[in-house]
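J.:
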Amino acid sequence: MHDFDWSSIPGALPFLWDGMKISLEITALAIVAGIVWGTLLALMRLSRFRALSWFAAGYVNLFRSVPLVMVLLWFFLIVPQLLEILLGLAPGTDARLPSAMVGFALFESAYYSEIIRAGIQSVPKGQIAAAHALGMSYGQAMRLVVLPQAFRNMVPLLLTQAIILFQDTSLVYVSALADFFGAAYKVGDRDGRLVELLLFAGAVYFVLCYSASLLARRYQKRAGA
Amino acid sequence: MISIRNVSKSYGSFRVLADCSTEVARSEVVVVCGPSGSGKSTLIKCVNGLEPFQRGEIVVNGISVGDPKTDLPGLRSHVGMVFQNFELFPHMTITENLTIAQVEVLGRSREEATERGMGLLDRVGLKAHAGKHPGQLSGGQQQRVAIARALAMDPICMLFDEPTSALDPEMINEVLDVMVELAQEGMTMMVVTHEMGFARKVAHRVIFMDHGRIVEDAKKEDFFGTPRSERAQQFLSKILHH
Numbered sequence: 003m004h005d006f007d008w009s010s011i012p013g014a015l016p017f018l019w020d021g022m023k024i025s026l027e028i029t030a031l032a033i034v035a036g037i038v039w040g041t042l043l044a045l046m047r048l049s050r051f052r053a054l055s056w057f058a059a060g061y062v063n064l065f066r067s068v069p070l071v072m073v074l075l076w077f078f079l080i081v082p083q084l085l086e087i088l089l090g091l092a093p094g095t096d097a098r099l100p101s102a103m104v105g106f107a108l109f110e111s112a113y114y115s116e117i118i119r120a121g122i123q124s125v126p127k128g129q130i131a132a133a134h135a136l137g138m139s140y141g142q143a144m145r146l147v148v149l150p151q152a153f154r155n156m157v158p159l160l161l162t163q164a165i166i167l168f169q170d171t172s173l174v175y176v177s178a179l180a181d182f183f184g185a186a187y188k189v190g191d192r193d194g195r196l197v198e199l200l201l202f203a204g205a206v207y208f209v210l211c212y213s214a215s216l217l218a219r220r221y222q223k224r225a226g227a
Numbered sequence: 002m003i004s005i006r007n008v009s010k011s012y013g014s015f016r017v018l019a020d021c022s023t024e025v026a027r028s029e030v031v032v033v034c035g036p037s038g039s040g041k042s043t044l045i046k047c048v049n050g051l052e053p054f055q056r057g058e059i060v061v062n063g064i065s066v067g068d069p070k071t072d073l074p075g076l077r078s079h080v081g082m083v084f085q086n087f088e089l090f091p092h093m094t095i096t097e098n099l100t101i102a103q104v105e106v107l108g109r110s111r112e113e114a115t116e117r118g119m120g121l122l123d124r125v126g127l128k129a130h131a132g133k134h135p136g137q138l139s140g141g142q143q144q145r146v147a148i149a150r151a152l153a154m155d156p157i158c159m160l161f162d163e164p165t166s167a168l169d170p171e172m173i174n175e176v177l178d179v180m181v182e183l184a185q186e187g188m189t190m191m192v193v194t195h196e197m198g199f200a201r202k203v204a205h206r207v208i209f210m211d212h213g214r215i216v217e218d219a220k221k222e223d224f225f226g227t228p229r230s231e232r233a234q235q236f237l238s239k240i241l242h243h
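The listed protein sequences derive, respectively, from chains S and E. Numbering-wise, the first sequence is residues 3 to 227 according to this note's numbering. Numbering-wise, the second sequence is residues 2 to 243 according to this note's numbering.
(1) Is there a Cβ from chain S that is less than 8 Å from the Cβ of E:R111?
(2) Rounded to the nearest angstrom, what separates S:L45 and S:R119 at their Cα positions?
(3) Just to check my reading of the structure: E:L122 and E:A149 have Cβ atoms closer than 8 Å, yes? What is that Cβ distance to the nearest angstrom?
(4) Are the stretch 80-88 of chain E and the stretch 161-171 of chain E touching, with three or more C-beta to C-beta distances below 8 Å?
(5) Which residue from E:M154, E:M188, E:Q144 puts its Cα closest to that of E:N174?
(6) Is E:I240 closer than 8 Å to E:M191 when the C-beta atoms are compared?
(7) Using 8 Å as the Cβ pair cut-off and three pairs as the minimum, do the stretch 16-24 of chain E and the stretch 101-108 of chain S touch?
(8) Ignoring anything shorter than 4 residues or poking outside the stretch 76-136 of chain E, list the alpha helix (DSSP H) runs there in chain order.
(9) Using the Cα positions of S:S25 and E:G40, report the straight-line distance between them to the nearest angstrom.
(10) Where does S:F1 land, buried or exposed, given buried means 16+ other C-beta within 10 angstroms?
(11) How far does the alpha helix (DSSP H) with S:T29 in it reach, from first residue to last?
(12) Below 8 Å on the Cβ atoms is my contact criterion, and I expect E:L73 with E:G57 to pass it. Report the Cβ-Cβ distance as a whole number of Å.
(13) Is the Cβ-Cβ distance between E:T194 and E:T165 less than 8 Å?
(14) For E:H134 and E:N98, what's the separation of their Cα atoms in angstroms?
(15) In the DSSP assignment, find the unbroken beta strand (DSSP E) run with S:Y113 in it and report its ends.
(16) Do you know offhand how far S:L217's Cα is from E:V66's?
(17) Using a C-beta to C-beta distance shorter than 8 Å, which residues of chain S count as neighbours of E:M210?
(18) Closer than 7 Å between beta carbons: that is the criterion. Which residues of the stretch 114-145 of chain S meet it against chain E?
(19) If you compare alpha carbons, which of S:L210, S:K188, S:L160, S:D170 is closest to S:Y221?
(20) With DSSP as the reference, label S:D193 as helix, strand or coil.
(21) Looking only at C-alpha atoms, which of E:V106, E:A131, E:L152, E:G132 sits nearest to S:H134?
(22) Between which residues of its own chain and S:A164 is the CB-CB distance below 8 Å, once the five residues before and five after are set aside?
(23) Touching or not, the stretch 127-146 of chain S and the stretch 51-69 of chain S, by the rule of three or more beta carbon pairs under 8 Å?
(24) Distance check for E:G141 and E:F224, CA to CA, integer angstroms please.
(25) Just mark E:V207 as buried or exposed, buried being the case when its beta carbon has 16 or more other beta carbons within 10 Å.
(26) Starting from the N-terminal side, write out each stretch of the beta strand (DSSP E) that is 3 residues or longer and does not extend beyond the stretch 2-63 of chain E.
(27) Can you say whether S:A14 is buried or exposed, counting buried as having 16 or more other CB atoms within 10 angstroms of its CB?
(28) Kindly indicate which three-state DSSP category S:I165 falls into: helix, strand or coil?
(29) When the cut-off is 8 Å and only beta carbons count, does S:P150 lie next to chain E?
(30) Which residues in the same chain as E:R77 place their Cβ atom closer than 6 Å to its Cβ, once the five residues preceding and following it in sequence are excluded?
(31) With DSSP as the reference, label S:L149 as helix, strand or coil.
(32) To the nearest whole angstrom, what separates the beta carbons of S:L85 and S:P100, a pair I think is in contact under 8 Å?
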């Protein structure tokens with residue numbers, strides 16, 4: 003039986019908290035970018051213009067058919083070089099966080115766009131007709147009538163996706179970035195207490211995600227009532 | 002005001018409208034009736050371009066609806082439409098429903114739009130409900146708000162697509178009363194409905210459609226007196242004897 007020793011955790015809390023901040027930062031940015039870019043992708047996918055709809059369909063299918071870890075690695079390898087060229091950064095600048103963020107944002111947009119597309123399609127066609135009949139343009143009808151209703155219907159799904167996203171941020175360990183999971187791994191590795199640290203990290207993920215999903219369910223019940 | 006000339010429309014090989022022609026003059030009230038699937042709703046939706054059509058021409062107030070160069074949103078902002086299922090915006094209050102298009106489309110100030118909206122809401126007898134959401138109102142009340150919303154845009158004509166078909170019987174009259182009043186004030190109206198009482202009271206002409214064709218287009222007196230087509234006679238006897 004493993005002999006548990008939790009003593010290395012209290013001293014490591016500040017370092018773990020820094021890791022948690024990185025996890026939350028990546029999550030927040032990926033949610034915002036995912037919703038904005040995902041909405042544009044969804045509108046393109048539903049567009050009458052073939053080229054736009056094919057582009058969006060191709061994008062979504064590509065990102066949904068590739069493991070996230072691989073996307074993160076690609077961006078880990080490509081983005082720093084791009085930034086060096088675009089911004090004239092010195093070679094070797096630490097661009098792990100931006101590249102992880104870009105990778106996440108682009109990957110998650112594919113999933114968000116499918117949720118948003120379903121949300122847009124859940125708004126009755128008559129609402130769009132009514133908006134047009136009042137003289138609204140396509141953009142006005144979307145912005146004022148369709149999207150507000152679509153997002154209201156989508157809140158539970160968006161929250162669920164955000165929870166999955168938060169868990170997925172642990173995959174940035176492939177770029178040796180010290181997010182919460184990465185930080186826990188490093189501390190455990192250093193002190194030879196990997197099992198304890200990983201159990202602790204797992205418990206923290208569980209408490210945060212389970213509370214968030216309870217909140218989502220409560221919102222869903224209230225909205226459905 | 003509205004001129005429909007040889008309009009045809011098909012979904013693939015299925016013909017929904019076949020060579021339909023009619024005119025609605027200024028201040029005229031025209032009722033369109035016919036069995037379900039006869040194309041009457043499609044025809045009225047072609048008038049403001051909500052439904053495209055392949056052949057023929059529709060001219061509203063001198064503007065061709067089917068012309069790709071036509072500013073359709075601009076045209077629609079002056080053509081009021083009332084739908085079978087009301088289609089109020091459920092995420093907005095009644096006041097917002099009445100003002101949103103005035104502000105966003107016509108560019109009126111919020112104060113001006115609210116004043117116009119409240120005046121019309123009062124007119125349809127619902128001023129007390131201004132702060133509510135559509136879901137808190139009965140069907141009849143929602144449809145009256147929908148009429149007020151269309152009128153707030155100061156339309157040159159009004160299109161009604163089965164405005165009472167989705168209502169419980171006891172709510173039909175409150176909506177018809179508003180429409181009768183509107184007709185008596187001289188509003189140009191094209192109304193798809195089976196409410197023959199309404200047609201008798203205020204219509205100038207009645208159009209009967211069947212299988213995408215305008216089978217009968219007659220003055221009200223002639224239509225209810227001696228409809229020429231057998232199909233219209235059958236239809237009338239069915240809906241009047243129940």
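For every residue, glycine included, the Cβ atom is placed at its ideal position computed from N, Cα and C.
T.: Working from what's here:
(1) Along the second sequence, read from residue 1 onward, the residue named residue 111 of chain E stands at position 110. False, the Cβ-Cβ gap to chain S never drops below 8 Å.
(2) The count along the first sequence starts at 1 and reaches residue 45 of chain S at position 43. The count along the first sequence starts at 1 and reaches residue 119 of chain S at position 117. Rounded to the nearest angstrom, the two C-alpha atoms are 7 Å apart.
(3) Working through the second sequence from its first residue, we reach residue 122 of chain E at position 121. Working through the second sequence from its first residue, we reach residue 149 of chain E at position 148. Contact holds; Cβ gap of about 5 Å.
(4) yes
(5) Translated into positions along the second sequence, residue 174 of chain E becomes position 173. The residue with the shortest Cα to Cα distance from E:N174 is E:Q144.
(6) Within the second sequence, residue 191 of chain E is the residue found at index 190, counting from 1. Within the second sequence, residue 240 of chain E is the residue found at index 239, counting from 1. For E:M191 and E:I240, no; Cβs fall outside 8 Å.
(7) no
(8) 95-105, 111-124
(9) Taking the first sequence and counting its residues from 1, the one referred to as residue 25 of chain S is at position 23. Taking the second sequence and counting its residues from 1, the one referred to as residue 40 of chain E is at position 39. Distance between the alpha carbons of S:S25 and E:G40 is about 58 Å.
(10) With chain S running from 3 to 227 in the structure shown, residue 1 of chain S is simply not present.
(11) For the purposes of this step, residue 29 of chain S is taken as the residue at position 27 of the first sequence. Residues 10-47.
(12) For this step, residue 73 of chain E is matched to residue 72 along the second sequence. For this step, residue 57 of chain E is matched to residue 56 along the second sequence. E:L73 to E:G57, Cβ: 17 Å. No contact.
(13) The residue you call residue 194 of chain E lines up with position 193 of the second sequence. The residue you call residue 165 of chain E lines up with position 164 of the second sequence. Cβ distance < 8 Å, so E:T194 and E:T165 count as in contact.
(14) For this step, residue 134 of chain E is matched to residue 133 along the second sequence. For this step, residue 98 of chain E is matched to residue 97 along the second sequence. Their Cα atoms are separated by approximately 9 Å.
(15) Start at 1 with the first residue of the first sequence, and residue 113 of chain S comes out as number 111. That residue, S:Y113, is in no beta strand (DSSP E); its alpha helix (DSSP H) goes 98-123.
(16) As a first step, residue 217 of chain S must be located in the first sequence, where it is residue number 215. As a first step, residue 66 of chain E must be located in the second sequence, where it is residue number 65. Approximately 50 Å, taken between the alpha carbons.
(17) Here residue 210 of chain E corresponds to residue number 209 of the second sequence, with the count starting at 1. None at all; the shortest Cβ gap to chain S is about 20 Å.
(18) G128, Q129, A131, A132, H134, A135, L136, G137, M138, S139, Q142
(19) As a first step, residue 221 of chain S is located in the first sequence; it is residue number 219 there, counting from the start. Answer by Cα proximity: S:L160.
(20) Here residue 193 of chain S refers to the residue found at position 191 when the first sequence is read from its first residue. Helix, per DSSP.
(21) On the first sequence, residue 134 of chain S is found 132 positions in, with the first residue counted as 1. Closest option to S:H134, Cα to Cα, is E:V106.
(22) As a working note, residue 164 of chain S is residue 162 in the first sequence. These residues qualify, in order along the chain: T29, I33, A214.
(23) no
(24) By 1-based counting over the second sequence, the position of residue 224 of chain E is 223. By 1-based counting over the second sequence, the position of residue 141 of chain E is 140. Their Cα atoms are separated by approximately 29 Å.
(25) By 1-based counting over the second sequence, the position of residue 207 of chain E is 206. E:V207 is buried by the Cβ-count criterion.
(26) 3-12, 15-25, 30-34, 56-61
(27) Indexing the first sequence from 1 puts residue 14 of chain S at position 12. By the 10 Å Cβ count, S:A14 comes out buried.
(28) Start at 1 with the first residue of the first sequence, and residue 165 of chain S comes out as number 163. Correct three-state label for S:I165: helix.
(29) If you number the first sequence from 1, residue 150 of chain S lands on position 148. Chain E contact via Cβ: present.
(30) As a working note, residue 77 of chain E is residue 76 in the second sequence. For E:R77, where only same-chain residues beyond five positions count, the Cβ hits under 6 Å are N49.
(31) As a working note, residue 149 of chain S is residue 147 in the first sequence. S:L149 falls in the helix class under three-state DSSP.
(32) Counting from one through the first sequence, the residue named residue 85 of chain S turns up at place 83. Counting from one through the first sequence, the residue named residue 100 of chain S turns up at place 98. So it is a contact: roughly 7 Å between Cβ atoms.
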